[in-house]
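Take a look at the structure below.
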Amino acid sequence: MFVVATLALAYSLMQIRENSTWVRHTNDVLRLIAGIERAVLQAESGERGYLLTRVDEYREAYETAKSTLPHALDELVHVLGDNAEQQRNLAAVRSSIEMRLTQLQRVVELAQTDLQTSLDILEQARVDLLTQRIEHGLSAMTKFEQAQLKERQHNFERSNFAAAAVAACLVVLALASGVVGAFLIERQRAMARQQASDSRLRELQSELLHVARLGTMGEMSAALAHELNQPLAAIANYLKGSRRLLQDSTDKSADRIRTALDKAADQALRAGEVIQRLRQFVSRGETEKTNERLDRIVDDAVSLALVVAKDREVKVSLDLDPAAERVLVDRVQIQQLLLNLIRNALEAMEHQDVRELQISSSRGADGMIEMTVADNGPGIDPQLMDRLFLPFMTTKTAGMGVGLSLCRTIVTAHGGSIRAEPRDGAGTAFRFTIPSAEVI
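With full-length UniProt numbering as the guide, the letters of the sequence shown map in order to residues 1 to 440.
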């Protein structure tokens, strides 16, 4: 009886090892498929980023992704082995990937010399649906492997159950036997390996979603700016036309109406200018720096931000260094930067009985001017400080997580830096540096 139980346990252990190997194999296939999908998305995102901004970092990201794809595809061919169905799926996906890489390479090569041809290639790619075919092919392979994984995990659990039953018999027959200990150790190791593989797969899927969102954001930004400019220009024209119609009016309210129309037209033009500058910034990654008065930029930003303060009183304290009067900046971008930070501060103080907003400037010895926007809100979790400026990182329930990321991009384009730090007592202070227009 003891010998029979021992043989049964040995067979169960062999089944556990075999099923565990198959589970690892399936996870390896899923990992490679996820890596290929991530590399394709990175290549496309890098190509679009380079086409819009001409920044070498995007081209380097594209080149890195392009160079990893052939090796990843070859490795997947090897891992799939004699699985004829998956090999056929992979062959179709590989053909589409190679065609897409050829298109991307052509777009990158022409980006500097022939932008229109590059855009035509992108449009043809959209018509050919190559990216969709790649995504559908990889999705089909993933679903196939997930079905395999489910079946193999079921077999793995069944083997575990059988081994546990046999082990129970052996415990009854011989508690001192070391076979049970070996079985338990092997089972624990197999489960640990499976958990590690599952955890890594979830991380890869999370990274894929992040890359996809970044690619979509870059693709939409320029188009949105273009579409918004047209209605804003129309609004400004209608307002100017309305003012002309009131030019000869003798109505007592005509002056106030004309003043309101002038202010509305100015704001529409300003909004169009902001969008145009941001569109240029997204497409070229450049800033048009001019010699500007810092106090005027701050005053404009505060006035605009306080419009959303509703009926709650806000105490605004300005402490601007006279030695830091003029800055060499893109006025619209720095005004938008301040507007974002001030609005964040107002939202942070929404539930405070007393709301105090402090804005200050000071000149450093390095020719840079440090600006500070501080509030007396509840503060920010210290664990989130290092991630505040990452894309899609937000502490708001309905936030998109792009405002502070845009702030960092604007500051970096001006050669400065930005950081957030807790204030003594309560609240948060955002500090950033921009170049002075005056040489010491």
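Cβ atoms here follow ideal geometry from the backbone N, Cα and C, with glycine treated the same way. Predicted model, so just to flag it, every value in this text is computed and none were measured.
Residue closest to residue i, alpha-carbon to alpha-carbon, out of the options
i	options	result
residue 237	264, 252, 251	264
residue 71	84, 102, 39	39
residue 429	196, 382, 435	382
residue 408	87, 351, 338	338
residue 33	56, 77, 58, 59	77
residue 416	326, 68, 435	435
residue 462	411, 56, 104	One cannot answer for residue 462 here, as it falls past the ends of the chain, which runs 1 to 440.
residue 438	322, 58, 413	322
residue 317	342, 329, 327	342
residue 98	43, 139, 117, 141	43
residue 390	368, 419, 67, 364	419
residue 196	108, 346, 266, 28	28
residue 442	433, 273, 131	The structure shown does not extend to residue 442, since the chain spans only 1 to 440, so no value can be given for it.
residue 326	344, 368, 148, 26	368
residue 352	426, 75, 56, 412	426
residue 414	64, 328, 359, 386	328
residue 85	366, 66, 143	143
residue 69	147, 37, 303, 87	37
residue 189	75, 386, 304, 21	21
Cβ-Cβ distance between residue i and residue j below 7 Å
i	j	result
residue 466	residue 261	What is shown of the chain runs 1 to 440, which leaves residue 466 out entirely.
residue 348	residue 319	no
residue 422	residue 379	yes
residue 356	residue 315	yes
residue 384	residue 404	no
residue 145	residue 30	yes
residue 35	residue 92	no
residue 335	residue 297	yes
residue 372	residue 293	no
residue 117	residue 110	yes
residue 81	residue 62	no
residue 26	residue 149	yes
residue 289	residue 248	no
Reduced DSSP category for residue i - H, G, I as helix; E, B as strand; rest coil
i	result
residue 349	coil
residue 319	strand
residue 327	strand
residue 438	coil
residue 358	strand
residue 426	coil
residue 109	helix
residue 432	strand
residue 140	helix
residue 60	helix
residue 145	helix
residue 373	strand
residue 44	helix
residue 292	strand
residue 365	coil
residue 134	helix
residue 75	helix
The ligand FMN heavy atom lying under 6 Å from the CB of residue i
i	result
residue 190	Ligands are entirely absent from the displayed structure, and the ligand FMN is therefore not among its contents.
Cβ separation of residue i and residue j, assumed to be a contact under 8 Å, to the nearest whole Å
i	j	result
residue 133	residue 96	5 Å
residue 324	residue 361	5 Å
residue 193	residue 24	6 Å
residue 228	residue 268	Going by Cβ atoms, the distance from residue 228 to residue 268 rounds to 11 Å, so no, they are not a contact pair.
residue 270	residue 258	No, residue 270 and residue 258 are not in contact; Cβ-Cβ is about 19 Å, not under 8 Å.
residue 141	residue 90	7 Å
residue 108	residue 59	6 Å
residue 131	residue 100	7 Å
residue 344	residue 406	Not a contact, Cβ separation roughly 12 Å.
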